[in-house]
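Have a look at the structure below, then the notes.
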Amino acid sequence: MSLHRPESLDAALALMRAPGAVVLAGGTDLYPALRDGPPPGEMVDLTRVAGLRGVTSGPEGWRIGAATTWSELLRADLPPLFDGLRAAAREVGSVQIQNAGTVAGNLCNASPAADGVPALLALDAEVALQSETGTRRLPLDAFITGPRATALRPGEIVTAVHVPAAEGRGAFRKLGARRYLVISIAMVAATVETEAGRIARARIAVGACSPAARRLPDLESVLSGKRLSDVPEIAQDYPFPELAPIGDVRAPAAYRDEAVRILVTRTLVDAMAEEAAHVA
Ligand SMILES: Cc1cc2nc3c(=O)[nH]c(=O)nc-3n(C[C@H](O)[C@H](O)[C@H](O)COP(=O)(O)OP(=O)(O)OC[C@H]3O[C@@H](n4cnc5c(N)ncnc54)[C@H](O)[C@@H]3O)c2cc1C
169 MSLHRPESLD
179 AALALMRAPG
189 AVVLAGGTDL
199 YPALRDGPPP
209 GEMVDLTRVA
219 GLRGVTSGPE
229 GWRIGAATTW
239 SELLRADLPP
249 LFDGLRAAAR
259 EVGSVQIQNA
269 GTVAGNLCNA
279 SPAADGVPAL
289 LALDAEVALQ
299 SETGTRRLPL
309 DAFITGPRAT
319 ALRPGEIVTA
329 VHVPAAEGRG
339 AFRKLGARRY
349 LVISIAMVAA
359 TVETEAGRIA
369 RARIAVGACS
379 PAARRLPDLE
389 SVLSGKRLSD
399 VPEIAQDYPF
409 PELAPIGDVR
419 APAAYRDEAV
429 RILVTRTLVD
439 AMAEEAAHVA
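Numbering (my numbering) for the sequence shown: 169 to 448.
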């Protein structure tokens, strides 16, 4: 196995030409996975590649460089729209894991329980991909195609995650069997814009309750124009056709189903903190 540490994207992309070459970012998913099979022939470490780190903003929105770590994201100057992604960042393992693990690594690993995925789905994130032959952008829900499966092609590197400009506040709730260092039983992320105390636009995503985290477009439509006080009943009655919670060592399916209803309400309360203060 050879480890390469290129300093430019061009050099990294050239190294990715080797058959079976894999990208290495923080290594917090990749290194543990090496126990399960033969090591890749070539590993291309992105951590020294110029231009892949940090969060920048412009009129169209925000760019999160692919090698940005969770800790770097937490230090970035971001508006309340990102409060859900920031809350998710704080839930990724421990501080040591957040110092090494990257946002793009979380998406490329495509675990159904990846904390970053619902939060970025609720931000309408897109993934920028580059190979030696060109660049393309995919909405996050098209990039993650199933459990541990993505639309990445051989030779491609994720270079950035883009979040379009929007108003509102984000929130994220993760339920696990203990408080820290835990794999989710269920998680919910939302971004909410309000007008005169009512939901003008809600974007809601659920993780760990389907093969890949899912947005809930029908629930988002039902909630449009509603008050926060309407949310618990709507969440209780909504059939959640987008989800297929399973029973496993962490929780039975029925528990996940019930938990999601409560988490949706609590996440919207967090995202509508000002309205919640008036309801209380
Ligand atoms: C103890 C521990 C606790 C954890 N807890 C959590 C948790 O609570 N929540 C959670 O969501 N995750 C958790 N994780 C998983 C992991 O830390 C995160 O998913 C992290 O964001 C992965 O990023 P990374 O940079 O380390 O990825 P790596 O391990 O470097 O890479 C992961 C995968 O993505 C690919 N990849 C990485 N970057 C790119 C790129 N730019 N382009 C193309 N492919 C790329 C790699 O080839 C590899 O297949 C935990 C891990 C450990 C070891």
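All residues carry an ideal CB built from backbone N, CA and C; glycine is no exception. In this text the structure is predicted, and so the values were computed from the model without any measurement.
Using the C-alpha atoms, what's the distance from residue j back to residue i?
i	j	result
residue 213	residue 325	11 Å
residue 432	residue 341	8 Å
residue 157	residue 256	The structure shown has nothing for residue 157, since the chain only spans 169 to 448.
residue 179	residue 334	35 Å
residue 345	residue 175	41 Å
residue 406	residue 439	19 Å
residue 343	residue 318	25 Å
residue 373	residue 283	11 Å
residue 288	residue 281	13 Å
residue 388	residue 195	36 Å
residue 321	residue 221	22 Å
Under the three-state reduction of DSSP, which class applies to residue i: helix, strand or coil?
i	result
residue 217	coil
residue 306	strand
residue 142	Outside the modelled stretch of the chain, which goes from 169 to 448, sits residue 142, for which no answer is possible.
residue 273	helix
residue 412	coil
residue 326	strand
residue 335	coil
residue 299	strand
residue 233	strand
residue 429	helix
residue 196	coil
residue 350	coil
residue 249	helix
residue 171	strand
residue 185	coil
Counting only the same chain and skipping the five closest in sequence on each side, list residues whose C-beta sits under 6 Å from that of residue i.
i	result
residue 299	323, 324
residue 304	297
residue 272	234, 326
residue 238	257, 260, 266, 269
residue 473	With the chain running from 169 to 448 in the structure shown, residue 473 is simply not present.
residue 209	188
For residue i, which of the options has the nearest alpha-carbon?
i	options	result
residue 413	382, 404, 391	382
residue 408	419, 426, 233	426
residue 348	434, 265, 377, 295	265
residue 215	229, 228, 199, 172	172
residue 328	231, 200, 190	231
residue 227	254, 274, 330, 290	330
residue 355	183, 442, 376	376
residue 371	421, 250, 229, 246	250
My understanding is that residue i touches residue j, with C-beta atoms under 8 Å, so please give their C-beta distance in whole angstroms.
i	j	result
residue 211	residue 192	5 Å
residue 392	residue 369	7 Å
residue 269	residue 263	Their Cβ separation, rounded to whole angstroms, is 11 Å, which puts residue 269 and residue 263 out of contact at 8 Å.
residue 358	residue 252	7 Å
residue 277	residue 197	4 Å
If you drop the 5 nearest sequence neighbours on each side, which residues of the same chain put their C-beta closer than 7 Å to that of residue i?
i	result
residue 429	403, 404
residue 418	345, 351, 353
residue 217	174, 175, 176, 177, 180, 235
residue 379	280, 314, 315
Short of 8 Å in beta carbon distance, which residues of its chain neighbour residue i, apart from the five on each side in sequence? Order them along the chain.
i	result
residue 248	336, 337, 338
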